[in-house]
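Residue numbers (the UniProt record's numbering): 1 to 437. Below is one structure, written out as structure tokens; comments come after it.
Pasting the structure below:
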């Protein structure tokens, strides 16, 4: 007889010698301590049962069993919960079953209708054939038709089901009642399903509407709170900015009239920032089109003023030139008359006998010098005109000289006694040629 040591089921190579259960054998392997593990008073006991297979993972059978139990528990928890999701799942399950039943019933009714149609078609075909052939109407269903007509005619006198003796005489009515009852039950079941579905939908919609309303109210409250917080924050920021602006304005007013060298670093920086702010505000509020229009208008006004001033100066110079020319001509004529009077004192008609040629030859040096100065001035003015205007026109010069001679005659009426406009023009041209040569 062998001793069972408790580890006979261990497979593989033993890496060490296991202690025995006997006290004497245990004393050999004792650690020398009393009452401890491995002591002679406490034999070794394995913590593993003999039925367990050591060193191996769970078998496939145990794993499949555990997984099936886990899945079953999950399904139980899933269908035993009582919340909106589980209710909806149950309703969907019932709806699916009901839909399947209704679909099967519709298919069955369709099959029955097709079968009835086929039978009626076969019956009418056979009946038509019998009638055309003149054969007796047997085996075509005529007897059943006759029976149905008789039953329909005697329906009121036919006993109902369960009346005892005549109960067996109304099988057709029993079948009809059964079909009617079946249809009624199906209709009632469909109505119940529709009613349950509508109630569930109404409940879900009402719940959704209430939640939506609560959500909207919560959003409105949060938005109002945020708006109030933003308004309060803006008010605080505005107050702080106003206080800072007042302080900066006071500091700017105190340091406004100070020179740059008398300012501190912060004050100089604040002044620069104020100037930048003013410039940025000017730029942001500037209308470029209107500004350019005003600038262009100012430029045009300035140009018009300059042109007007130049025109006035040129007109004034022309008037002064005419005045000086008339004065010189008058002085020359007066000198000429004085010289003639001194030469011919006895001649009373000297003035009336003078013509253009005698005047031209008798002009003194003084008068000729004055006339030369006037002609030179006219020549210079003509040159200036030809440099500023593109060239000069001879016809315009001739007309100008004639106009000038006419003006001289009008301003000095006493010249008409000895000159005409043509003679004065000739004198001007001769003086101009002499000065130019």
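In this text, a Cβ means the ideal position worked out from N, Cα and C, and glycines have one as well.
Next on the checklist: Quick check: the stretch 226-236 against the stretch 99-108, are at least 3 beta-carbon pairs closer than 8 angstroms?
Outcome noted: no
Checklist entry - Roughly how many angstroms separate the alpha carbons of residue 64 and residue 75, rounded to a whole number? => result By 1-based counting over the chain shown, the position of residue 64 is 64. By 1-based counting over the chain shown, the position of residue 75 is 75. Going by the C-alpha atoms only, they are around 16 angstroms apart.
Checklist entry - Are the stretch 186-196 and the stretch 87-98 touching by the rule of at least three beta carbon pairs closer than 8 angstroms? => result yes
Next on the checklist: So for residue 264, helix, strand or coil by DSSP?
Outcome noted: Taking the chain shown and counting its residues from 1, the one referred to as residue 264 is at position 264. Note: residue 264 maps to coil in three-state DSSP.
Checklist entry - What's the C-alpha gap between residue 307 and residue 316? => result Taking the first residue of the chain shown as position 1, residue 307 is located at position 307. Taking the first residue of the chain shown as position 1, residue 316 is located at position 316. Between residue 307 and residue 316, the C-alpha separation is close to 14 angstroms.
Checklist entry - Could you give the residue range of the alpha helix (DSSP H) that holds residue 92? => result As a working note, residue 92 is residue 92 in the chain shown. From DSSP, the alpha helix (DSSP H) with residue 92 extends over 84-133.
Next on the checklist: Measuring alpha carbon to alpha carbon, tell me which residue in 67, 187 and 66 is nearest residue 101.
Outcome noted: On the chain shown, position 101 is the one that residue 101 refers to. Cα-wise, what sits closest to residue 101 is 187.
Checklist entry - Which residue spans inside the stretch 281-347 form an unbroken alpha helix (DSSP H) run of at least 4? => result 288-343
Next on the checklist: I'd like to check one pair, residue 322 with residue 407: are the Cβ atoms closer than 8 angstroms?
Outcome noted: Here residue 407 refers to the residue found at position 407 when the chain shown is read from its first residue. Here residue 322 refers to the residue found at position 322 when the chain shown is read from its first residue. Yes, Cβ-Cβ distance for residue 407 and residue 322 is below 8 angstroms.
Checklist entry - Buried or exposed: which applies to residue 283, given that a residue is buried once 16 or more other Cβ atoms fall within 10 Å of its Cβ? => result Position 283 of the chain shown, counted from the start, is the residue given in the question as residue 283. With fewer than 16 Cβ atoms within 10 Å of its Cβ, residue 283 is classed as exposed.
Next on the checklist: At the level of alpha carbons, what is the spacing between residue 182 and residue 124?
Outcome noted: Stepping through the chain shown from its first residue, residue 182 is reached at position 182. Stepping through the chain shown from its first residue, residue 124 is reached at position 124. Rounded to the nearest angstrom, the two C-alpha atoms are 29 angstroms apart.
Next on the checklist: Is it buried or exposed, residue 329, if we count other Cβ atoms within 10 angstroms and call 16 or more buried?
Outcome noted: Position 329 of the chain shown, counting from 1, holds the residue named residue 329. When all chains shown are included, residue 329 counts as buried.
Checklist entry - Would DSSP call residue 50 helix, strand or coil? => result Within the chain shown, the letter at position 50 stands for residue 50. Residue state, collapsed to three classes: coil.
Next on the checklist: Could you compute how far the alpha carbon of residue 211 sits from the alpha carbon of residue 84?
Outcome noted: Indexing the chain shown from 1 puts residue 211 at position 211. Indexing the chain shown from 1 puts residue 84 at position 84. The alpha-carbon atoms of residue 211 and residue 84 are separated by roughly 14 angstroms.
Item to check | Three-state class that DSSP yields for residue 59 in the structure shown | outcome: Along the chain shown, read from residue 1 onward, the residue named residue 59 stands at position 59. In the structure shown, residue 59 sits in coil (DSSP, three-state: anything other than H, G, I, E or B).
Item to check | Exposure of residue 121, with buried meaning 16 or more beta-carbon neighbours within 10 Å | outcome: In the chain shown, counting from the first residue as 1, residue 121 sits at position 121. Per the 10 Å Cβ criterion, exposed.
Item to check | residue 286 classed as buried or exposed, judged by whether at least 16 other C-beta atoms fall within 10 angstroms | outcome: Here the question's residue 286 lines up with position 286 in the chain shown. Exposed is the call here.
Checklist entry - Buried or exposed: residue 438, going by 16 or more other Cβ atoms within 10 Å of its Cβ? => result Outside the displayed range of the chain (1 to 437) lies residue 438, so it cannot be described from this structure.
Item to check | Status (buried if at least 16 other CB within 10 Å, exposed otherwise) for residue 427 | outcome: As a first step, residue 427 is located in the chain shown; it is residue number 427 there, counting from the start. When all chains shown are included, residue 427 counts as buried.
Next on the checklist: Using a 10 Å radius around the Cβ and a threshold of 16 neighbouring Cβ atoms, would you call residue 425 buried or exposed?
Outcome noted: Numbered from its first residue, the chain shown carries residue 425 at position 425. Buried: at least 16 other Cβ atoms inside 10 Å.
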